[in-house]
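So the sequence shown is numbered by the numbering used here: it starts at 4 and just counts up by one. Virtual Cβ for every residue (Gly too), placed ideally from N, Cα, C. It should be emphasised that the depicted structure is a prediction, and the values quoted were computed from it without experimental measurement.
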Amino acid sequence: MTRLIVISNRVQAPTGSHNGAQGGLAVALAAALREYRGIWFGWSGERTDEFTGQISLQRSDGVTTATVDLEDQDIEEYYNGYANRTLWPLFHYRIDLAEYERGFAGGYQRVNERFAETVLPLIEPDDVVWIQDYHMIPLAAELRKRGCANRIGFFLHIPWPPRRLLSTLPEADDLVRSLFAYDLIGFHTDEWLQAFTDFATHELGAVADGPDGTLRLDGREVRTMACPIGIDAKEFVQAARSPTARLTFRQMRDSAVGRAMIVGVDRLDYSKGLEERFLGYERFLSEHPEERKEVFLLQIAPPSRGAVETYQKIRTTLEGLSGRINGAHADLDWVPIRYVNQGYPRDVLAGVYRAARIGLVTPLRDGMNLVAKEYVAAQDPEDPGVLILSRFAGAAAQMPEALLVNPYSAEDLSDAILRALRMRREERIARWRPMMEMIERQDVLWWRQQFTDALIGEGSAELLQSFGK
Ligand code: ADQ
């Protein structure tokens, strides 16, 4: 029987509880792993003095996880370095923040080789391998070098940058060439897929062949697909109806004392457009003094990647900006921005979303953005709030009924906030309903099924044989 081997930088073992503390991706992957009796392999998040490749196997709630510890130098060069200081900014169009250092590139390559060596003995001939995200781009090529003939798929969770931006990366050609070791590559949107195809065909001379997104290069053939990730819609709707969510909803409504709440929920990351969002909101306050005390913005932003300097800087910038805006506009009984740096359980978040009249989701660039979908899923069908969504989030392609904005334009943000506040209930419902239908139809299980069906396909056993096992 075919097993699924999922490989990602970090592994999230299922907790077995249904408190909703896990992200949708972890839930979907855990479901797939149960179905295929698979293994989830990745970095434990722990440090070790010397890399030994010793695997720690655990079984939890029907899923086997296999993790390895990494050395300090690996973490510094591969994770904090190439992944978070080179690829993440570059793939989010921020070449001004991208750091190109050979040491980082070397560390990234070394860790991918280490992962390949470590995971290879776990892979059996009938297994299908699914590698997640930008930390692991060269992993299939490393597995192939070591004789792995299994089917291997890759899914990129972040945007794929335009060809001219990617060309600034010294290792771009090798990195893209290494992707041809996969059998299937998935992106959230056509835009990211087309940018990848553009680079592969124009920079490397790959040939696009046939209607199913097949690309050929140097005798290798890779299929490509756009496959937008969803949320666990059922779970989220349930979370929004839970006692905790109801309690949170009441607390938020009480503390709002009749004012409309605007909510933002994001990891503290420069790609999420938080600074621009604060400035847009400030613009709204200045342009519409009559509305000032009728609203407040709740921004929830738990810190992430604190070891990287740009993340420390954005934190300081936002603290300064929220302080300045509050200082300039606050009154005895009103603070315009509540800025909170914590994570919350999913049922609490669901209650917060439901209490918010506006969901403000304005990344400068985002592979998909699940917060936009969670906000919509948490709404009261009879009286839904309004989603204001960046046109540069992958989610915008699926949610044209949102108020789509240019997150770089403070005026655009200000106009959208006013429009959302004044929007009548019928229009809010008419916009909400098709978004909700899409979210329920194309949920995270649908996403996973689309990808694994394309990767494993019907008659997968025969196909695996053609790879020479
Ligand atoms: P992220 O950049 O992490 O994901 P996103 O898709 O919005 O962005 O997911 C964030 C998740 O974290 C959401 O489920 C959200 O609820 C949760 N979260 C955020 N703040 C929280 C808080 N304070 N407390 C609790 N939970 C919080 C990357 C890509 C995205 C892509 C996803 C999945 O950058 O574009 O959508 O992967 O592919």
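The nearest non-hydrogen atom of the ligand ADQ is 6 Å or more from the C-beta of Leu-448.
Checking the 6 Å criterion, the Cβ of Met-371 is within range of a heavy atom belonging to the ligand ADQ.
Ile-391 is a Cβ neighbour of Ala-419, given a cutoff of 7 Å. Look at Val-14 here: in three-state DSSP terms it is coil, with no helix or strand label. Rounded to the nearest whole angstrom, the CA to CA distance from Phe-287 to Leu-277 is 15 Å. Placement of the Cβ of Arg-425 at a distance of 6 Å or more from every heavy atom of the ligand ADQ is found. Here Gly-283 has Ala-413, Leu-416, Ser-417 as same chain residues with Cβ atoms under 7 Å from its own Cβ, once five neighbours each way along the sequence are excluded. Within the region 22–101, complete alpha helix (DSSP H) segments of at least 4 residues are found at 27–39, 91–94, given in chain order.
The way I'd put it, the region 295–306 doesn't touch the region 392–403; fewer than three beta-carbon pairs between them come closer than 8 Å. Taking Pro-124 as reference, the option from Arg-113, Gln-15, Val-210, Arg-149 with the minimal CA-CA separation is Arg-149. Met-264 is bridged by DSSP to Phe-299.
Taking C-beta atoms as the reference points, Gly-156 and Val-447 fail to come closer than 7 Å. CA-to-CA, the gap between Asn-115 and Gly-45 works out to about 11 Å. Of the other Cβ atoms in all chains shown, fewer than 16 fall within 10 Å of the Cβ of Asn-344; this residue is therefore exposed. Checking the DSSP bridge columns, you'll see Val-225 partnered with Leu-218. Residue ranges of uninterrupted alpha helix (DSSP H) with 4 or more members, entirely inside the region 280–355 and ordered along the chain, are 312–332.
Annotated three-state conformation of Asp-415 is helix, per DSSP.
For Ile-432, the enclosing alpha helix (DSSP H) stretches over residues 428–444. The closest CA to that of Gly-362, considering only Val-379, Trp-195, Phe-395, Arg-451, is found on Val-379.
The continuous stretches of alpha helix (DSSP H) do not include Trp-133, which lies in the beta strand (DSSP E) extending over residues 131–135.
Closer than 6 Å to some heavy atom of the ligand ADQ: that describes the Cβ of Tyr-347.
Ranked by Cα distance from Asp-99, the first of Trp-435, Thr-313, Glu-385 is Thr-313.
Beyond the five residues adjoining it in sequence on each side, Val-338 comes within less than 8 Å, by CB distance, of Phe-299, Asn-329 in the same chain, given in chain order. When C-alpha distances from Val-374 are compared across Leu-352, Arg-6, Arg-436, the shortest belongs to Leu-352. Nearest in C-alpha terms to Arg-394, of all of Asn-372, Asp-456, Arg-262, is Asn-372. At a cut-off of 4 residues, the continuous stretches assigned as alpha helix (DSSP H) that sit fully inside the region 145–212 are 166–169, 175–181, 193–207. For Pro-305, the distance from the CB to the nearest heavy atom of the ligand ADQ is below 6 Å.
Comparing alpha-carbon positions, the option among Thr-227, Asp-177, Leu-142, Gly-189 lying closest to Leu-207 turns out to be Asp-177. Out of Trp-133, Asp-336, Thr-51, Arg-166, the CA that lies nearest to the CA of Ala-259 is found in Asp-336.
Residue pairing by DSSP places Leu-123 in no beta bridge whatsoever. Selection Tyr-85, Asp-269, Ala-248, Asp-52 evaluated against Val-71 yields Asp-52 as nearest (Cα-Cα). Contact between the region 218–228 and the region 435–450 is not established, with fewer than three Cβ pairs separated by less than 8 Å. Within the same chain, Pro-348, Asp-350, Val-351, Gly-354 come within 8 Å of Thr-247 by CB-CB distance, once the 5 residues on both sides are set aside.
Here Leu-367 carries a coil assignment [DSSP, helix/strand/coil]. In the structure shown, Ile-232 falls within a coil segment according to DSSP collapsed to helix, strand and coil. With respect to Gly-56, His-191 sits apart: the two C-beta atoms are not nearer than 7 Å.
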